[in-house]
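Numbering (our numbering), first residue to last: 7 to 276.
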């Protein structure tokens with residue numbers, strides 16, 4: 007009746023083991039389960055005495071590698087089954103060595119996790135720096151884009167004003183030229199009308215001149231007829247010829263010349 011009560015005490019140790027191991031995370035659960043199993047074995051060995059047989063080393067290794075769930079199951083079975091036999095000092099050393107191995111593995115797992123955390127933090131830091139750099143570059147590019155956009159807008163407004171002024175000047179010049187052209191066309195039409203009037207007047211004058219020429223011809227014909235009538239009406243039979251008249255005039259001229267000479271000499275002498 008003494009042994010079952012002591013086994014119940016060992017079962018309490020097994021129940022508290024997983025709660026303690028849960029605080030260290032999943033990496034140290036195997037080590038906590040092994041420590042709880044060793045504590046149970048030692049307690050049972052101390053209570054049972056040296057008359058009980060020892061646990062083989064292979065069984066101790068299997069019990070040390072048990073999970074927390076297996077430790078709970080072992081605790082439940084220890085309360086109902088017989089107590090395990092006590093262990094020798096060599097077996098304890100082997101168990102301690104076996105229990106030290108999961109701890110080293112947990113340390114390796116913890117170091118790997120720390121390394122992964124550091125790498126993750128480095129990647130996050132690098133990503134944040136990259137994002138900050140890209141945001142800075144984007145801000146610079148945005149400012150440059152706005153500056154270029156303002157410059158292009160100003161150039162476009164200046165160009166629009168220039169071409170608008172140019173178009174206004176050309177439109178004004180075109181209107182002036184169109185007005186002058188219309189005035190010149192009106193003057194040309196007026197000159198054309200005057201030319202038509204002058205041509206009509208010239209035709210009238212030519213007709214009048216033709217009529218006058220006809221009248222002149224008629225008058226000349228009348229004068230010729232009158233001359234013929236006069237010449238025929240005044241003609242006689244005792245008319246002298248021109249030769250006779252010329253000889254008489256020559257004689258008269260010679261006589262006058264002689265008279266003048268004689269009278270001039272007399273007047274000069276006297």
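C-beta atoms are modelled at their ideal positions from N, C-alpha and C, and glycine is treated no differently.
Using a Cβ-Cβ cutoff of less than 8 Å, which residues in the same chain neighbour residue i once the five nearest sequence positions on both sides are dropped?
{"i": "residue 65", "result": "The pLDDT assigned to residue 65 is 46, lower than 50, so where the model puts this residue is not dependable; a value taken from the coordinates is nonetheless given after this. Cβ within range, chain order: n/a, list empty."}
{"i": "residue 221", "result": "none"}
{"i": "residue 263", "result": "none"}
Can you look up residue i in the DSSP assignment and give me helix, strand or coil?
{"i": "residue 94", "result": "coil"}
What separation, rounded to the nearest whole angstrom, lies between the Cα atoms of residue i and residue j?
{"i": "residue 185", "j": "residue 155", "result": "44 Å"}
{"i": "residue 132", "j": "residue 157", "result": "37 Å"}
{"i": "residue 137", "j": "residue 128", "result": "14 Å"}
{"i": "residue 188", "j": "residue 196", "result": "12 Å"}
{"i": "residue 183", "j": "residue 165", "result": "26 Å"}
{"i": "residue 160", "j": "residue 149", "result": "16 Å"}
{"i": "residue 256", "j": "residue 249", "result": "11 Å"}
{"i": "residue 168", "j": "residue 175", "result": "11 Å"}
{"i": "residue 268", "j": "residue 251", "result": "26 Å"}
{"i": "residue 261", "j": "residue 238", "result": "36 Å"}
{"i": "residue 286", "j": "residue 223", "result": "With the chain represented from 7 up to 276, any question about residue 286 goes unanswered, as that position is not in the structure."}
{"i": "residue 230", "j": "residue 212", "result": "26 Å"}
{"i": "residue 193", "j": "residue 208", "result": "22 Å"}
{"i": "residue 130", "j": "residue 121", "result": "14 Å"}
{"i": "residue 123", "j": "residue 140", "result": "25 Å"}
{"i": "residue 258", "j": "residue 210", "result": "60 Å"}
{"i": "residue 179", "j": "residue 199", "result": "30 Å"}
{"i": "residue 266", "j": "residue 233", "result": "41 Å"}
{"i": "residue 171", "j": "residue 162", "result": "14 Å"}
{"i": "residue 205", "j": "residue 218", "result": "19 Å"}
{"i": "residue 190", "j": "residue 216", "result": "38 Å"}
{"i": "residue 228", "j": "residue 235", "result": "10 Å"}
{"i": "residue 143", "j": "residue 177", "result": "49 Å"}
{"i": "residue 147", "j": "residue 153", "result": "10 Å"}
{"i": "residue 225", "j": "residue 253", "result": "39 Å"}
{"i": "residue 134", "j": "residue 145", "result": "16 Å"}
{"i": "residue 181", "j": "residue 203", "result": "33 Å"}
By Cβ distance, which residues of its chain are closer than 7 Å to residue i, with the 5 residues on each side in sequence left out?
{"i": "residue 201", "result": "none"}
{"i": "residue 118", "result": "none"}
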